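Trainee:
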Amino acid sequence: MRKNFLLILIIIIITIGFLFIKVNAENNTDLKKGAIMPERKILIAYYSYSGNTKYIAEKIQKITKGDLFEIKTVKTYPKNYNEVVEEAKKEKNNDYRPELQSKVENINEYNIVFIGTPVWWYTMAPAVKSFISENDLKGKIIIPFCTHGGGGASSTFIDMAKLLPYSKVLKGIEIYERGNASTDKDINIWIENLDI
Ligand SMILES: Cc1cc2nc3c(=O)[nH]c(=O)nc-3n(C[C@H](O)[C@H](O)[C@H](O)COP(=O)(O)O)c2cc1C
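If you count by numbering that gives the first Met the number 0, then the sequence shown holds residues 0 to 195, one letter each, in order.
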């Protein structure tokens, strides 16, 4: 009789303990899903004249699973390299912002925006300046990336941050043209270290 009573008591204690652990575990998962960590919604917006920045943007998309948006100008730049270089120089000197084909319709939904550009005359391409002035990026996390022809990012990231005083601009990555054998690894490490 006494033995049976003890056995039942032990079973009850084990059952209560099990239920307690289960409820706690479920509550923790709920917190992780929403209450503490805000949902990340990522946009990767980029301008690319000859495909290098597009190539890198697509790599970033594969890692982050964000949405891609190609910044396109209404007027097209000349195909001839020397001509586009000359035109871009004039645009830079006049702080010209070309008209874009479209805006991101649901920009409010994104809290993290990667912005990619080729380096044009030591800074971002004019189309990227247009993108920044046409889309409300206030309060968002901005992550710049650029491709260049050997001169590095130059003033690209500094100039971009100046245009985004109300955003949190994180460390950018600069890639020579389409990169090399270690570029995939470099991009992965860069994104990991952003801690987003
Ligand atoms: C108009 C123009 C200006 C450029 N200016 C620079 C520059 O200042 N520094 C540099 O390293 N590369 C410069 N480049 C090279 C590009 O940054 C490089 O080729 C880039 O990867 C091109 O990217 P895209 O293919 O996405 O257009 C320039 C290219 C063009 C067309």
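From the three backbone atoms N, C-alpha and C, an ideal C-beta is built for every residue, glycine too. A quick note: this is a predicted structure, and the numbers were derived from the prediction, not measured.
1) Tell me which same chain residues have a C-beta within less than 6 Å of the C-beta of D66, skipping the five on either side of it?
2) Taking C-alpha atoms, which residue in P125, P117, K53, T14 lies nearest to G149?
3) If you draw a straight line from the C-alpha of I62 to the C-alpha of S47, how long is it?
4) In whole angstroms, what separates the C-alpha of Y175 from that of G138?
5) Does A180 pass the burial test, meaning 16 or more other C-beta atoms within 10 Å, or should it be called exposed?
6) Does any heavy atom of ligand 1 sit closer than 7 Å to the C-beta of T52?
7) Could you tell me the alpha carbon to alpha carbon distance between I188 and K40, rounded to whole angstroms?
8) Extract the residue ranges of the beta strand (DSSP E) inside the region 140-181, only unbroken runs of 3 or more that lie entirely within it.
9) Please decide whether N105 counts as near chain C, where near means a Cβ-Cβ distance under 8 Å.
10) Residues in the same chain with beta-carbon distance under 8 Å from T28, minus the five sequence neighbours each way, listed in chain order, please.
Mentor: Let me spell this out:
1) L42
2) P117
3) 20 Å
4) 30 Å
5) exposed
6) yes
7) 20 Å
8) 140-147, 172-175
9) In the displayed structure, chain C is absent; only one protein chain is listed.
10) Residue placement at T28 cannot be trusted, given a pLDDT of 33 that sits under 50; what the coordinates show is reported in the next sentence. The answer is none, since no qualifying residue turns up.
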